[in-house]
């Protein structure tokens, strides 16, 4: 579910070249504050995926709403336990 959400968000990302050491800039307009840069487009895309992942963790932890991306939704987890 999370992977599909991130992939869908990346498919909606907008990229541009900026005047910077890391000239590739990408953002997901539907996700406020989600942006990344990179030295190459691929690096920027990879960094953006990591930012989306971290953004999701923070929003879930703080119980903030997460907007749907296309058909994908991330819902609050009430409790997650790992036994070993």
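In the working numbering, the protein residues as written are 19 to 102. Glycine included, C-beta positions come from ideal geometry on N, C-alpha and C.
Whose C-beta lies closer than 7 Å to the C-beta of residue 54 among residues of the same chain, with five residues either side of it excluded? 44, 62, 65, 66 and 69
Return the chain-ordered list of same chain residues with a C-beta closer than 8 Å to the C-beta of residue 57, the five sequence neighbours on each side being excluded. 39, 40, 41 and 42, listed in sequence order.
Kindly indicate which three-state DSSP category residue 61 falls into: helix, strand or coil? Residue state, collapsed to three classes: helix.
Would you kindly report the start and end of the unbroken beta strand (DSSP E) that includes residue 45? 42-45
Indicate the three-state DSSP secondary structure (helix, strand or coil) for residue 79 in the structure shown. Looking at residue 79 - three-state DSSP - the assignment turns out to be helix.
Per DSSP, residue 54 is paired with what? 44
Within 10 angstroms of the Cβ of residue 46, are there 16 or more other Cβ atoms? Answer buried if so, exposed if not. Residue 46 is buried by the Cβ-count criterion.
Compute the beta-carbon to beta-carbon distance between residue 87 and residue 26, rounded to the nearest angstrom, for a pair I have assumed lies under 8 Å. Rounded, the Cβ-Cβ distance is 4 Å, consistent with contact.
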